[in-house]
Amino acid sequence: MITLSNLFKKRRLRFSTKLLMSYILLCTIPVLLIIHIFYLQAKSDIEEASHNFSTLFAEQLEHSITMYLSSMDNTSKALFTDYELIYYLGQENRYSTIDKINYNLEVNTRLAHFYTQMPYLQGIMIIASSGKTYSHGISPEHLTLPYLNEQEWYRSIIESRGQLIVTPAHSLTYSSSSTPQNMFSVGRLLTDPEGRKAGVILFHLAPNTLVYSDDYMNEISETYHTRVLLMTNDNRYIFDSDSTATLIEQEADGPDQSRYFIHRSEAYPNGMIITVAVSKEVLYESIKSYRNLALIVAGVTLLVILVIAAMLSMQIMKPIKHLIHGMRHVENGYYLPIEEAGNSMEFQRLTSTYNLMIAKIKHLIEDVYKAKIKQDEARFLALQSQINPHWLYNTLESIRMKAQLSGNPEVAAMIKTLGRLFHMALTKKPRPNCIKDELDYAQAYLELQNIRYKNRFRLTVDIPESLIHTPVIRLLFQPIIENSIIHGFIEHDRLYHIRISSRTEEGVLHLVIADDGAGMSASRLEWLNARLASVVMQEHSSQSIGLLNIQERIVLTYGRAYGIVVRSSEHERTEVVLSLPIEE
Numbered sequence: 013m014i015t016l017s018n019l020f021k022k023r024r025l026r027f028s029t030k031l032l033m034s035y036i037l038l039c040t041i042p043v044l045l046i047i048h049i050f051y052l053q054a055k056s057d058i059e060e061a062s063h064n065f066s067t068l069f070a071e072q073l074e075h076s077i078t079m080y081l082s083s084m085d086n087t088s089k090a091l092f093t094d095y096e097l098i099y100y101l102g103q104e105n106r107y108s109t110i111d112k113i114n115y116n117l118e119v120n121t122r123l124a125h126f127y128t129q130m131p132y133l134q135g136i137m138i139i140a141s142s143g144k145t146y147s148h149g150i151s152p153e154h155l156t157l158p159y160l161n162e163q164e165w166y167r168s169i170i171e172s173r174g175q176l177i178v179t180p181a182h183s184l185t186y187s188s189s190s191t192p193q194n195m196f197s198v199g200r201l202l203t204d205p206e207g208r209k210a211g212v213i214l215f216h217l218a219p220n221t222l223v224y225s226d227d228y229m230n231e232i233s234e235t236y237h238t239r240v241l242l243m244t245n246d247n248r249y250i251f252d253s254d255s256t257a258t259l260i261e262q263e264a265d266g267p268d269q270s271r272y273f274i275h276r277s278e279a280y281p282n283g284m285i286i287t288v289a290v291s292k293e294v295l296y297e298s299i300k301s302y303r304n305l306a307l308i309v310a311g312v313t314l315l316v317i318l319v320i321a322a323m324l325s326m327q328i329m330k331p332i333k334h335l336i337h338g339m340r341h342v343e344n345g346y347y348l349p350i351e352e353a354g355n356s357m358e359f360q361r362l363t364s365t366y367n368l369m370i371a372k373i374k375h376l377i378e379d380v381y382k383a384k385i386k387q388d389e390a391r392f393l394a395l396q397s398q399i400n401p402h403w404l405y406n407t408l409e410s411i412r413m414k415a416q417l418s419g420n421p422e423v424a425a426m427i428k429t430l431g432r433l434f435h436m437a438l439t440k441k442p443r444p445n446c447i448k449d450e451l452d453y454a455q456a457y458l459e460l461q462n463i464r465y466k467n468r469f470r471l472t473v474d475i476p477e478s479l480i481h482t483p484v485i486r487l488l489f490q491p492i493i494e495n496s497i498i499h500g501f502i503e504h505d506r507l508y509h510i511r512i513s514s515r516t517e518e519g520v521l522h523l524v525i526a527d528d529g530a531g532m533s534a535s536r537l538e539w540l541n542a543r544l545a546s547v548v549m550q551e552h553s554s555q556s557i558g559l560l561n562i563q564e565r566i567v568l569t570y571g572r573a574y575g576i577v578v579r580s581s582e583h584e585r586t587e588v589v590l591s592l593p594i595e596e
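Quick note: the sequence shown uses this note's numbering, first residue 13, plus one each step.
Written out as structure tokens, the structure is:
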């Protein structure tokens, strides 16, 4: 897992960027966390309120429907107490015309009375056993007994043995209305005291009128986008506020619990099942609007925080940048104090400490280091003045002439070459030392060695004329050639070759001094290169004019990007590579 610290480690970010990012994250995370907590709390509160509302709504609807069903149950039961009317409905054909007129009037009167007492009814109807229909509120012009016997909902009433039955929704195709209406019926089979079928009483109700009989209930339902379902006890639709006529007489599983808060209850024993469902999407819509508003406010707040963080970052970084600028001056050799900046006590103390350090460094350089250089220069001049070049040349020339006159030309040649070496070493030149001077000195040195070792050494130079006058520090080639002779000259009966060559690469001059001497072992070579790479400049760190001394002088003059690397193969060859900057 990538953390903030790992991100800072993997990417080399500026301190100001790290500071700004840290400040923004420390401000952003709490804000977003608070918004999320409040969102979850609001969601939980709305869910609880929705549950309480659906429960209350269902209980209210259950109470109303139970009251309606109880009223219809009692009304239908009241007919059983009128034995004469029940006998008439069951055996209507046995009565005279005048009796039929009287009983018909009584039945219609009773239906009108029932209809008036129950204003929620759409119609009330009694179907006698003969098929004759008595109705109020609905005019059944096209109703026939064979049609009713084909209807499943009607047959369920016939087969109920006198129980009050709530039927699923059905279409009143037999109504005189031009448009068939979807209603449900509550019915009961009427029987005489001997148990014979006398007829059926039907109460027709419009489900939406029953559910939303109260304007207050209708308003609450619309406000909370409540879905109401009424179903029979065998799970058949009576009413669905979100449904259409195509759902009538279908079996129902109820609304999806993942999309709704649902409360179920039963109205009147074995009457109907009431389901109240509140849409989660609609409820959460208001939360989402508040959440979006909170995110906008958080975004504006974070923008303000970003501006403030940028200002604070600039205020913190300003004195640091001054300090970095001053350090760059020190890198270039300008030891200048910086102006004390920043309102923080820590930055003021840091600046004053830096200025004090610069003053001390400047004092050490000007008063101590420069004094040491002047002392060394004075000592060198004193030593150089003691060795008078002209006196030395004249003396060596006198010795050479005496050797020549004495018949010893070899000694004379050696003294002559030695004089040339002293001349090149001690003569002050008006120009910088260059590669040509170093080559002349190396050739003179080899002449002396060839006199001593009977011409065993051959020097080959492969340096272009364009580089021959490149300035270099003094005494580069001779100490290396001397090391080659001391450590590589083992067999005195063969010729040894020393080759000085050069190559350039991206502004760097590589001078290569190679010999075909004894070479050195791998362990010795590794140790030597490690010493050269880790050389530390100290006073009197190297008393001899050898490889370490040359390395020290190169590092001191040109920097640690330059220096010496040695390559060697034991019993075959040794190669010393000097890397120097190309100077005009």
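Where is the CB? At the ideal position from N, CA and C, for every residue including glycine.
- Option in 52, 452, 342 with minimal Cα separation from residue 377: Locating residue 377 in the sequence shown gives position 365, where the first residue counts as 1. Of the candidates 52, 452, 342, the one whose C-alpha sits nearest the C-alpha of residue 377 is 342.
- Message: Give me the DSSP bridge partner(s) of residue 146.
- Response: As a first step, residue 146 must be located in the sequence shown, where it is residue number 134. BP columns for residue 146 point to 138.
- If we ignore side chains and look at the alpha-carbon of each, how far apart do residue 16 and residue 335 end up? Counting from one through the sequence shown, the residue named residue 16 turns up at place 4. Counting from one through the sequence shown, the residue named residue 335 turns up at place 323. The predicted model places residue 16 with a pLDDT of 49, which falls under 50 and marks its position as unreliable, so this point remains unresolved.
- Message: Spatial neighbours of residue 446 within its chain, please: C-beta separation below 8 Å, excluding the five flanking residues on both sides.
- Response: Here residue 446 refers to the residue found at position 434 of the sequence shown. Setting aside the 5 residues that flank it on each side, residue 446 is surrounded in the same chain by 480, 481, 482, 483, 484, each with a C-beta closer than 8 Å to its C-beta; the list follows chain order.
- Task: Please report how far the alpha carbon of residue 556 lies from the alpha carbon of residue 490, in whole angstroms.
- Result: Against the sequence shown, residue 556 aligns to sequence position 544. Against the sequence shown, residue 490 aligns to sequence position 478. Because the pLDDT of residue 556 is 43, which lies under 50, any placement of that residue in the model is unreliable, and the question is left without a value.
- Enumerate in chain order the residues of its own chain whose CB-to-CB distance from residue 299 is below 8 Å, with the five nearest sequence positions on each side excluded. Position 287 of the sequence shown, counted from the start, is the residue given in the question as residue 299. These residues qualify, in order along the chain: 51, 54, 55, 58.
- Message: Given this structure, state the Cα-to-Cα distance separating residue 129 from residue 275, to the nearest angstrom.
- Response: By 1-based counting over the sequence shown, the position of residue 129 is 117. By 1-based counting over the sequence shown, the position of residue 275 is 263. Approximately 31 Å between the Cα atoms of the pair.
- Is residue 496 near residue 531, with beta carbons less than 8 Å apart? Within the sequence shown, the letter at position 484 stands for residue 496. Within the sequence shown, the letter at position 519 stands for residue 531. Contact: no.
- Query: I think residue 216 touches residue 135, with their Cβ atoms under 8 Å apart; what is that distance to the nearest whole Å?
  - Reply: For the purposes of this step, residue 216 is taken as residue 204 along the sequence shown, with counting starting at 1. For the purposes of this step, residue 135 is taken as residue 123 along the sequence shown, with counting starting at 1. At roughly 4 Å, the Cβ-Cβ gap stays under 8 Å, so residue 216 and residue 135 are in contact.
- Message: Could you check whether residue 430 and residue 468 sit closer than 8 Å to each other, using their CB atoms as the reference points?
- Response: Here residue 468 corresponds to residue number 456 of the sequence shown, with the count starting at 1. Here residue 430 corresponds to residue number 418 of the sequence shown, with the count starting at 1. Contact flag unset, no.
- Message: Could you give the first and the last residue of the continuous alpha helix (DSSP H) run that contains residue 451?
- Response: Counting from 1 along the sequence shown, the entry for residue 451 is found at position 439. Segment 447 to 464, the alpha helix (DSSP H) holding residue 451.
- May I ask which residues mark the beginning and end of the beta strand (DSSP E) holding residue 522? Locating residue 522 in the sequence shown gives position 510, counting from the first residue. That run of the beta strand (DSSP E) goes 520 to 527.
- Query: residue 253 and residue 70 look like a contact to me (Cβ under 8 Å); what is the Cβ gap, rounded to whole Å?
  - Reply: Within the sequence shown, residue 253 is the residue found at index 241, counting from 1. Within the sequence shown, residue 70 is the residue found at index 58, counting from 1. Contact between residue 253 and residue 70 is ruled out by a C-beta separation of about 13 Å, above the 8 Å threshold.
- Item | Alpha-carbon to alpha-carbon, residue 60 and residue 138 | The residue labelled residue 138 in the question sits at position 126 within the sequence shown. The residue labelled residue 60 in the question sits at position 48 within the sequence shown. So the two alpha carbons sit approximately 47 Å from each other.
- Neighbourhood of residue 623 by C-beta distance below 6 Å, restricted to the same chain and skipping five residues each side: In this structure the chain extends from 13 to 596, so residue 623 is not present and cannot be described.
- Query: Going straight from the alpha carbon of residue 597 to that of residue 279, what length do you get?
  - Reply: Residue 597 is absent from the model: the chain starts at 13 and stops at 596.
- Message: Using only the alpha-carbon positions, how far apart do residue 48 and residue 331 sit?
- Response: In the sequence shown, residue 48 corresponds to position 36, counting from 1. In the sequence shown, residue 331 corresponds to position 319, counting from 1. Cα to Cα, residue 48 sits roughly 40 Å from residue 331.
- Ordered along the chain, which non-local residues of its own chain (more than five positions away) have a Cβ less than 8 Å from that of residue 204? Stepping through the sequence shown from its first residue, residue 204 is reached at position 192. Hits under 8 Å: 95, 98, 99, 102, 210.
- May I have the straight-line CA-CA distance separating residue 141 from residue 105, to the nearest angstrom? Taking the first residue of the sequence shown as position 1, residue 141 is located at position 129. Taking the first residue of the sequence shown as position 1, residue 105 is located at position 93. Rounded to whole angstroms, residue 141 to residue 105 spans 10 Å at the Cα level.
- Message: Using 8 Å as the threshold, is the C-beta distance between residue 423 and residue 451 below it?
- Response: Against the sequence shown, residue 423 aligns to sequence position 411. Against the sequence shown, residue 451 aligns to sequence position 439. No, Cβ-Cβ distance for residue 423 and residue 451 is not below 8 Å.
- Task: Could you tell me which of 370, 415, 170, 577 sits nearest to residue 592, measuring between CA atoms?
- Result: By 1-based counting over the sequence shown, the position of residue 592 is 580. Among 370, 415, 170, 577, the Cα nearest to that of residue 592 belongs to 577.
- Please say whether residue 201 and residue 150 have beta carbons closer to each other than 8 Å? As a position in the sequence shown, residue 150 is number 138, starting the count at 1. As a position in the sequence shown, residue 201 is number 189, starting the count at 1. Result no, Cβ atoms of residue 150 and residue 201 do not sit closer than 8 Å.
- Task: Identify whether residue 29 lies in helix, strand or coil by the three-state DSSP scheme.
- Result: For the purposes of this step, residue 29 is taken as the residue at position 17 of the sequence shown. In the structure shown, residue 29 sits in a helix (DSSP, three-state: H, G or I).
- Query: Closest by CA to residue 64, which one among 585, 120, 290?
  - Reply: By 1-based counting over the sequence shown, the position of residue 64 is 52. The option with the nearest alpha carbon to residue 64 is 290.
- Message: I need the boundaries of the alpha helix (DSSP H) containing residue 541, first residue and last residue.
- Response: For the purposes of this step, residue 541 is taken as the residue at position 529 of the sequence shown. Unbroken alpha helix (DSSP H) run through residue 541: 534 to 545.
- Item | Buried versus exposed, by CB contacts within 10 Å (16 or more), residue 583 | Here residue 583 is taken as the residue at index 571 of the sequence shown, counted from 1. Residue 583 comes out exposed.
- Message: By the DSSP assignment, the beta strand (DSSP E) with residue 213 in it spans what residues?
- Response: For the purposes of this step, residue 213 is taken as the residue at position 201 of the sequence shown. Counting along the chain, the beta strand (DSSP E) containing residue 213 begins and ends at 209 to 217.
- Task: With residue 346 as the anchor, note down where its beta strand (DSSP E) starts and where it stops.
- Result: Residue 346 sits at position 334 when you count from the first residue of the sequence shown. For residue 346, there is no enclosing beta strand (DSSP E), as DSSP gives it neither H nor E.
- Message: Buried or exposed for residue 539, going by 16 or more other Cβ atoms inside 10 Å?
- Response: Here residue 539 refers to the residue found at position 527 when the sequence shown is read from its first residue. When all chains shown are included, residue 539 counts as exposed.
- Distance, Cα to Cα, residue 428 vs residue 457? Against the sequence shown, residue 428 aligns to sequence position 416. Against the sequence shown, residue 457 aligns to sequence position 445. Answer to the nearest angstrom: the Cα atoms are 12 Å apart.
- If I'm right that residue 585 touches residue 526 with Cβ under 8 Å, what's the distance once you round it to whole angstroms? For the purposes of this step, residue 585 is taken as the residue at position 573 of the sequence shown. For the purposes of this step, residue 526 is taken as the residue at position 514 of the sequence shown. Right, the Cβ-Cβ distance comes to about 6 Å (below 8 Å), so this counts as a contact.
- Count the other C-beta atoms from every protein chain shown that fall within 10 angstroms of the C-beta of residue 432, then say buried if there are 16 or more, exposed otherwise. Position 420 of the sequence shown, counted from the first residue, corresponds to residue 432. Buried, by the Cβ-count rule.
- Message: I need the DSSP call for residue 553, collapsed to helix, strand or coil.
- Response: Taking the first residue of the sequence shown as position 1, residue 553 is located at position 541. Confidence is the limiting factor: at residue 553 the pLDDT is only 44, short of 50, which leaves the residue's position unreliable and the question unanswerable from this model.
- Item | Contacting residues, own chain, Cβ-Cβ under 8 Å from residue 36 (five flanking each side not counted) | As a first step, residue 36 is located in the sequence shown; it is residue number 24 there, counting from the start. Hits under 8 Å: 314, 317, 318, 321.
- Are residue 521 and residue 566 close, meaning C-beta to C-beta below 8 Å? Here residue 521 refers to the residue found at position 509 when the sequence shown is read from its first residue. Here residue 566 refers to the residue found at position 554 when the sequence shown is read from its first residue. Contact: no.
- Hey, out of 179, 113, 81, 307, whose CA is closest to residue 41's CA? Here residue 41 refers to the residue found at position 29 when the sequence shown is read from its first residue. It is 307.
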